[in-house]
Amino acid sequence: MARILIVDDEESILKSLRRLLAITPCTAGGKVFPLTVDAYSDPAQALENAFETPYDLVLSDFRMPGMDGVAFLKEFRELQPNAARLILSGYTDLNGLIAAINDAGIMRFIAKPWNDYDLVTTIAQALALQELQNETQQIADEARLKKGSLSAEDYERKRLEALEPGITRVHWGPDGSVMLDPEALKGD
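The sequence shown runs 238 to 425 under the numbering used here.
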């Protein structure tokens, strides 16, 4: 089961995408990707959820109030670097597209209005590519572990981080203490 995150400030777009992905099989290379879809209209809430929930793919709108798609995907990439990232937009801003590719590492730009078949195929291809890249990384890490160029601790840290994004991050306080919830302390 592939878990995907969709972020768009327009509720109608979110409903349309959820409906499309619920009724259309997501297949690539003969493999079917059953989907679990989480959708948010607020990028900050989506990031908060992404801190606790691992995703295989994220699809974000480009222009949103408060935080644009590039800024959102950059932050998402910090939390979950192994998830595929796609951007959706009704605008063709070349500089914004270049920033999305270079800064946020998107795999593909999808134009609004989208073609249903192309969108689902793009998602399936991105999931297949990401799965292959993750498998390749796992095999490479196992080889480095056997060779001794990767420690058992680093191997385990990478494995845990892939399963539960954010689990290996530590937030240090100014006095050297470990902060369990840095957001809760911002109001102090």
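Just so it is clear, CB atoms sit at the ideal spot from N, CA and C, and this is done for glycine as well.
Cβ pair residue i, residue j closer than 8 Å
i      : j      : result
PRO280 : PHE309 : yes
VAL295 : LEU242 : yes
ALA283 : VAL307 : no
THR261 : ASP378 : no
SER297 : VAL244 : yes
ALA239 : ASP293 : yes
PHE346 : TYR328 : no
LEU397 : THR405 : yes
Beta bridge counterpart(s) of residue i as assigned by DSSP
i      : result
SER326 : ALA348
VAL407 : Note: VAL407 sits in no beta bridge, so no partner.
SER297 : VAL244, ILE324
VAL307 : Answer is none; VAL307 lacks a bridge partner.
ALA239 : LEU272
TYR392 : Looking at the DSSP assignment, TYR392 forms no beta bridge with any residue, so it has no partner.
TYR277 : VAL244
Residue i versus residue j: straight-line alpha-carbon distance, rounded
i      : j      : result
ALA287 : GLY385 : 33 Å
CYS274 : PRO350 : As written in the sequence, residue 274 is Val, which differs from the Cys given in the question. Rounded to the nearest angstrom, the two C-alpha atoms are 20 Å apart.
PHE313 : LEU387 : 26 Å
ASP246 : GLU285 : 16 Å
MET304 : GLU248 : 16 Å
LEU356 : TYR277 : 18 Å
MET301 : ALA389 : 42 Å
THR359 : GLU368 : 14 Å
ASP412 : ASN332 : 41 Å
TYR392 : GLN375 : 9 Å
ALA399 : ALA380 : 18 Å
LYS383 : ASN371 : 18 Å
GLU289 : GLU401 : 7 Å
THR265 : THR373 : Checking the sequence, you will find Ala at residue 265 rather than Thr. Near 18 Å, if we compare the C-alpha coordinates of THR373 and ALA265.
ARG317 : GLY410 : The displayed chain sequence assigns Gln, not Arg, to residue 317. One C-alpha to the other measures close to 23 Å.
Helix, strand or coil at residue i [DSSP, three-state]
i      : result
ILE343 : coil
THR359 : helix
THR264 : strand
TYR354 : helix
LEU272 : strand
ALA421 : Because the pLDDT at ALA421 is just 48, under 50, the model does not fix this residue reliably, and the point stays unresolved.
Between the region 339–350 and the region 317–328, can you find at least three pairs of beta-carbon atoms closer than 8 Å? Three or more beta-carbon pairs drawn from the region 317–328 and the region 339–350 are found closer than 8 Å, and the two stretches are therefore classed as touching.
Would the region 256–270 count as touching the region 350–369 if we require 3 or more Cβ pairs under 8 Å? Touching, yes, given that three or more Cβ pairs across the two stretches are closer than 8 Å.
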